[in-house]
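Asker: Order-wise, the sequence lines are chains A and B. Numbering-wise (the numbering used here), the first sequence opens with residue 9 and increments by one. Numbering-wise (the numbering used here), the second sequence opens with residue 9 and increments by one.
2 protein chains.
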Amino acid sequence: MNSATILVIDDEVQIRKLLQITLESNDYSVTQAATAKEGMITAANHPPDLILLDLGLPDDSGHHVLQQLREWYTKPIIILSVQSSEEDIVKALDNGANDYLVKPFRTGELLARIRSAIRGNLSEENDPVIDCGSLQIDLSARIVKKNNEIIKLTTTEYALLCMFVKNEGKVLTHHYLLREIWGPGYINQSQYLRVFIAQLRKKIEDDANRPVHIVTESGVGYRFVAT
Amino acid sequence: MNSATILVIDDEVQIRKLLQITLESNDYSVTQAATAKEGMITAANHPPDLILLDLGLPDDSGHHVLQQLREWYTKPIIILSVQSSEEDIVKALDNGANDYLVKPFRTGELLARIRSAIRGNLSEENDPVIDCGSLQIDLSARIVKKNNEIIKLTTTEYALLCMFVKNEGKVLTHHYLLREIWGPGYINQSQYLRVFIAQLRKKIEDDANRPVHIVTESGVGYRFVAT
DNA sequence: TTTTTCTTTATAAAATCTTTATACACTTGG
DNA sequence: CCAAGTGTATAAAGATTTTATAAAGAAAAA
């Protein structure tokens, strides 16, 4: 999910359409403007994360629009223009444009330049954290917290917990768990499972004697419940 | 008065000469390197305000050099290349390049793009100093201080620390660290890692016997915590 | 050369896994 | 009701793996 918003200011409807399709299929949220005036108003009302600006607008000079935008807009502006003269490029860049692409442009390159411009400008993304009441699991950081304190889990304990979390609510049989975590040769070692279930409960349950998260389904296996 | 320093990494002597003259007449201070290796060393010893990198170096792939630089170098990198394929451009930009100019380029445009890159960098932030209690790490200056005293770290030790700092809080597996720092052929040399972790701890931890920053996750890897 | 850094080997310590032992809960048939 | 059988929980000892550290030899840099 990207959800960065991009404002396209261009008078050619086919270009706007192309950009909208291209950008939206890359998870950007797109708004459009066909004139300089419309562009300025849209940018002011809903400041986007990046602006794609055509220099050849009908109602105002593109360079002037750029200057006006830069009075207050600090995020990236990329120029798209049929003008390839050095004079135009230098002027646009010195007026505060972050990049300048000559039309017709290659969409892959445009997307890469957009990524480059947005990079670092975006707020830091957090990892997907699974929340189970007092229990929090960050799979990408391999961190498990209980009441906001980090719990140390061994490799096997963590593998077990992951199996449970990824199959929340489902009953996992002894055989299944043993095969997935220890390997196919261990499907009869139910005792292993009991030992590690006990250890896991001691670490993640508030009261290990009355487990809430890891419920035993006698004769079948165990089930993990989030709340 | 400009006084921003620019490092030119290019194997063609006439290009280097041209750039030197052009840049110096625009009040930039220029350093040069003819090979990837030389470029990396120069960049590390005297980090410039901007790097102009040619992708077609004789001793290493330009994309690889770019990746290596981006491990620690946070200021702008502009690619100069005879390669004009979309694939090369997209790859370079996604590897952390700020801009990409195809040779032969127009000097006026290059200067404008340099101004644009430096401008955006200055407005954003200064030296990104990471503060971890008694420990301070300046990635762009490659300086590590503990209790305000500079600590000498070897190349490998520093690379390790960078990996940790950039992934603060996350568990980095042995395989990952070995692959990133020593290369794919070393993923089984866990002992290397242990030796260097011990050395790093001796240098950055208050009490190496009770490490606070570099926490070992037995059977998995290590985790860096800033506190 | 001398110095620094990296690689390799050796060994002690720590952490984890496996195994054994025992206790508990629950069901079922006498 | 009890006693035997089945399935589960937990502690703790023993075995194994993993880790920490020193130190010596090799390679690279100054």
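All C-beta atoms, glycine included, are put in the ideal place defined by N, C-alpha and C.
Please confirm if the stretch 73 to 82 of chain B is in contact with the stretch 108 to 119 of chain B, defined as three or more CB-CB distances below 8 Å between the two stretches.
Answerer: no
Asker: Tell me the rounded alpha-carbon separation between E133/B and K83/B.
Answerer: Legend: pLDDT at E133/B = 48, less than 50; position of this residue unreliable, no value from coordinates given.
Asker: Contact between the stretch 94 to 107 of chain A and the stretch 31 to 38 of chain A is defined here as three or more beta-carbon pairs at a separation below 8 Å; is this criterion met?
Answerer: no
Asker: Quick one: Cα of G64/A to Cα of L88/A, how far?
Answerer: 9 Å
Asker: Using only the alpha-carbon positions, how far apart do V220/A and V179/B sit?
Answerer: Approximately 28 Å, taken between the alpha carbons.
Asker: Got a sec? Which residues, its chain only, sit under 6 Å from I145/B by beta carbon, not counting five neighbours each side?
Answerer: I138, V152, V173
Asker: Using beta-carbon positions only, say whether L15/A and T43/A come within less than 7 Å of one another.
Answerer: no
Asker: Can you round the beta-carbon distance between K211/B and I159/B to whole angstroms, since I take them to be within the 8 Å contact cut?
Answerer: 5 Å
Asker: Could you give the DSSP three-state label for I205/B: helix, strand or coil?
Answerer: helix
Asker: To be precise: take each residue of the stretch 143 to 155 of chain B, compare its Cβ to all Cβ atoms of chain A, and keep it if any distance is under 7 Å. Which residues remain?
Answerer: none
Asker: Among residues of its own chain, excluding the 5 on either side of D18/A, which ones have a beta-carbon nearer than 6 Å to its beta-carbon?
Answerer: R24, D62
Asker: Apart from the five residues just before and just after W80/B, which ones in its own chain have a Cβ nearer than 7 Å to its Cβ?
Answerer: Excluding sequence neighbours, W80/B sits near L147, R150, C170.
Asker: Taking the beta carbon of A52/A as the centre, do at least 16 other beta carbons fall within 10 Å, making it buried, or is it exposed?
Answerer: exposed
Asker: Suppose you measure from the CA of E8/B to the CA of A216/B; what does that come to, to the nearest Å?
Answerer: Residue 8/B falls outside the range modelled here, since chain B spans only 9 to 235, and no answer is possible.
Asker: Applying the 10 Å Cβ sphere with the 16-neighbour rule, what's the burial state of D57/A?
Answerer: So D57/A ends up on the buried side.
Asker: Excluding sequence positions up to five away, which residues of its chain have a Cβ less than 8 Å from the Cβ of Y166/A?
Answerer: Cβ within range, chain order: R150, V152.
Asker: Quick check on the DSSP output: what are the complete beta strand (DSSP E) runs of length 3 or more inside the stretch 145 to 192 of chain A, in order along the chain?
Answerer: 151 to 154, 157 to 159, 179 to 181
Asker: Determine the direct distance from the alpha carbon of H183/B to that of G141/B, and round the result to whole angstroms.
Answerer: 29 Å
Asker: Give me the chain A residues within the contact set of E79/B, using Cβ-Cβ distance strictly less than 7 Å, ordered along the chain.
Answerer: In chain order: nothing, as chain A lies at least about 16 Å away.
Asker: So, with DSSP's three-state summary, where would you put T39/A?
Answerer: strand
Asker: By DSSP, does L27/A sit in helix, in strand, or in coil?
Answerer: helix
Asker: Let me see if you follow: with CB-CB separation under 7 Å, is I14/B close to chain A or not?
Answerer: no
Asker: What is the DSSP secondary structure of G47/A, counted as helix, strand or coil?
Answerer: Helix.
Asker: According to DSSP, is E94/B helix, strand or coil?
Answerer: helix
Asker: Between which two residues does the beta strand (DSSP E) holding E213/A run?
Answerer: Element bounds for E213/A: n/a, residue is neither H nor E.
Asker: Please confirm whether E213/A has its beta-carbon closer than 7 Å to some beta-carbon of chain B.
Answerer: no
Asker: Determine the DSSP secondary structure at L119/B, reduced to helix, strand or coil.
Answerer: helix
Asker: Residue range of the beta strand (DSSP E) that V223/B falls in?
Answerer: 222 to 225
Asker: DSSP state of E132/B, grouped into three classes?
Answerer: In this prediction, E132/B scores a pLDDT of 44, lower than 50, which makes its location untrustworthy; no coordinate-derived value is stated.
Asker: For R121/B, count neighbouring C-beta atoms within 10 Å of its own C-beta (all shown protein chains included) and say buried if the count is 16 or more, exposed if not.
Answerer: buried
Asker: Tell me the residue span of the alpha helix (DSSP H) that contains L77/A.
Answerer: 70 to 78
Asker: Tell me whether D96/B is buried or exposed, calling it buried when 16 or more other Cβ atoms sit within 10 Å of its Cβ.
Answerer: buried
Asker: Can you find the residues in the same chain that come closer than 7 Å, C-beta to C-beta, to P136/B, ignoring five residues on each side of it along the sequence?
Answerer: T82, L147, S148.
Asker: At a CB distance below 7 Å, what residues from the stretch 157 to 183 of chain A approach chain B? Give them in sequence order.
Answerer: T162, T163
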